[in-house]
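J.: Handing you a structure now.
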Amino acid sequence: MSIRKTIPYKAGLGQSVIEIIVAVSIFVLISGGSVITILGSFLASRLAEEETTASFYAVEGLEAVKSIRNQSWNNLKTADGNHGLDNTSGSWTFSGSADILGKYTRVINVSSLVDPDSKEITATVTWSFIPTKLTIVEMTTQLANWQEVSFEALATTPTPILTPTPTVSPTLTPTPSITTCTAYCSSLGYSQGTCRRNVNQCNSNGETNEPGGNQYCTSGPNTTCCCAP
44 MSIRKTIPYK AGLGQSVIEI IVAVSIFVLI SGGSVITILG SFLASRLAEE
94 ETTASFYAVE GLEAVKSIRN QSWNNLKTAD GNHGLDNTSG SWTFSGSADI
144 LGKYTRVINV SSLVDPDSKE ITATVTWSFI PTKLTIVEMT TQLANWQEVS
194 FEALATTPTP ILTPTPTVSP TLTPTPSITT CTAYCSSLGY SQGTCRRNVN
244 QCNSNGETNE PGGNQYCTSG PNTTCCCAP
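In this text, residue positions in the sequence shown follow our numbering: the first is 44, and each later residue adds one.
Take a look at the structure:
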């Protein structure tokens, strides 16, 4: 004898399952987008912080080389190439070819310029922001041999004695007197001048008010000297 159990079919069951799947998919998409946004914000903040640290190391490197230059120009004169830095003795010196500062590597490059008493200094700081991305901060400056100042030539070269020559008095050309706005504008290099009521009228006519010429505008309400280019 066989026993058969009949389960009644519910027409809305399949639709409910589809709705649940769609809702779960939307939730996963929204959650994933939020995670990506948060992760991106975190990475940007971390990169900015690490770039600030790298910039500090680069600036420190340039200041250290300036200190080395101040000790003696000979420290830079024949120092072309890549260097590391050391200040364990209390003063900066070149040491090795690079510095390892935690996760950062700093290289100081010294190169010659056309001027033999000048050097170009480049501080390059690199680090791996993520395992597959090498990030670089680079700063450059130029240093001169400011200690190379000689007054020997000034001390040994006699000052020449100048023979006075007669002075010829120039003939002065009389300056024409200014009595009008037009003459005043011409003295300033403008093509013409017109007396108008106010500065706004100057501007609307493409002219420039020269206050010094207002004293020549005494006819009626037109008391503003406007100069045309």
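Even glycine gets a Cβ: it sits at the ideal position worked out from N, Cα and C.
Remember, predicted model here, so these are calculated numbers, not experimental data.
1) Residue 238 and residue 220: beta carbons closer than 9 Å?
2) Can you give me the Cβ contacts of residue 177 inside the same chain, cut-off strictly under 7 Å, excluding the 5 residues immediately before and after it?
3) Quick one, which of 230, 258, 186 and 255 has its alpha-carbon nearest residue 109's?
4) Compare the beta carbon distance of residue 104 and residue 64 with 9 Å and say whether it is the shorter of the two.
5) Find the nearest neighbour of residue 183 within the set 166, 123, 189 and 260, judged by alpha-carbon distance.
6) Return the chain-ordered list of same chain residues with a C-beta closer than 7 Å to the C-beta of residue 230, the five sequence neighbours on each side being excluded.
7) Does DSSP classify residue 181 as helix, strand or coil?
8) Is residue 241 helix, strand or coil by DSSP?
9) CA-CA distance, residue 246 and residue 264?
10) Grab me the residues of residue 102's own chain with a C-beta within less than 8 Å of its C-beta, minus the 5 sequence neighbours each way, in chain order.
11) Go ahead and pull the three-state DSSP assignment for residue 221.
12) With the cut-off set at 9 Å, would you say residue 250 and residue 271 are in Cβ contact?
13) With H, G and I counted as helix, E and B as strand and the rest as coil, what does DSSP make of residue 228?
14) Residues in its own chain within less than 6 Å of residue 146 by CB, not counting five upstream and five downstream?
15) Assuming residue 268 and residue 248 form a contact by the criterion Cβ under 8 Å, report the distance between their Cβ atoms to the nearest whole angstrom.
16) What do you get for residue 164, buried or exposed, if any count of 16 or more other CB atoms within 10 angstroms of its CB means buried?
17) Alpha carbon to alpha carbon, what distance is there between residue 155 and residue 107?
18) Check this for me: beta carbons of residue 123 and residue 139, under 9 Å apart or not?
19) If you drop the 5 nearest sequence neighbours on each side, which residues of the same chain put their C-beta closer than 6 Å to that of residue 149?
20) Can you give the Cα-Cα distance for residue 254 and residue 157, rounded to whole angstroms?
T.: In brief:
1) The sequence position of residue 238 within the sequence shown is 195, counting from 1. The sequence position of residue 220 within the sequence shown is 177, counting from 1. The answer is no: Cβ separation not under 9 Å.
2) The residue labelled residue 177 in the question sits at position 134 within the sequence shown. The beta carbon of residue 177 sits closer than 7 Å to the beta carbons of 169 and 171 from its chain, once the five residues preceding and following it are set aside; these are given in chain order.
3) In the sequence shown, the residue the question calls residue 109 occupies position 66. Closest option to residue 109, judged by alpha-carbon separation, among 230, 258, 186 and 255: 186.
4) Your numbering for residue 104 matches position 61 in the sequence shown. Your numbering for residue 64 matches position 21 in the sequence shown. Their beta carbons are not under 9 Å apart, which means residue 104 does not touch residue 64 by this criterion.
5) Position 140 of the sequence shown holds residue 183. Ranking the options by Cα distance to residue 183, first place goes to 166.
6) As a working mapping, residue 230 is identified with position 187 in the sequence shown. Contacts found: 221.
7) The residue given as residue 181 occupies position 138 in the sequence shown. Here residue 181 sits in strand by DSSP.
8) Indexing the sequence shown from 1 puts residue 241 at position 198. Here residue 241 sits in coil by DSSP.
9) Translated into the one-based positions of the sequence shown, residue 246 becomes position 203. Translated into the one-based positions of the sequence shown, residue 264 becomes position 221. Rounded to the nearest whole angstrom, the C-alpha separation of residue 246 and residue 264 is 17 Å.
10) If you number the sequence shown from 1, residue 102 lands on position 59. Result list for residue 102: 166 and 182, in chain order.
11) Start at 1 with the first residue of the sequence shown, and residue 221 comes out as number 178. Residue 221: coil per DSSP, three-state reduction.
12) Here residue 250 is taken as the residue at index 207 of the sequence shown, counted from 1. Here residue 271 is taken as the residue at index 228 of the sequence shown, counted from 1. Residue 271 sits close to residue 250, with the two beta carbons spaced by under 9 Å.
13) As a working mapping, residue 228 is identified with position 185 in the sequence shown. Secondary structure at residue 228: helix, using DSSP grouped into helix, strand and coil.
14) The sequence position of residue 146 within the sequence shown is 103, counting from 1. These residues qualify, in order along the chain: 170.
15) Numbered from 1 along the sequence shown, position 225 holds the residue referred to as residue 268. Numbered from 1 along the sequence shown, position 205 holds the residue referred to as residue 248. Their Cβ separation, rounded to whole angstroms, is 13 Å, which puts residue 268 and residue 248 out of contact at 8 Å.
16) Indexing the sequence shown from 1 puts residue 164 at position 121. Answer is buried; the Cβ neighbour count reaches 16.
17) Taking the sequence shown and counting its residues from 1, the one referred to as residue 107 is at position 64. Taking the sequence shown and counting its residues from 1, the one referred to as residue 155 is at position 112. Those two C-alpha atoms are separated by around 18 Å.
18) Along the sequence shown, one-based indexing puts residue 123 at 80. Along the sequence shown, one-based indexing puts residue 139 at 96. Against a cut-off of 9 Å, the Cβ pair of residue 139 and residue 123 comes out as no contact.
19) Walking along the sequence shown from the start, residue 149 turns up at place 106. So the list reads 100, 104, 142 and 168, once near-sequence residues are dropped.
20) Along the sequence shown, one-based indexing puts residue 254 at 211. Along the sequence shown, one-based indexing puts residue 157 at 114. Going from the Cα of residue 254 to the Cα of residue 157 covers about 53 Å.
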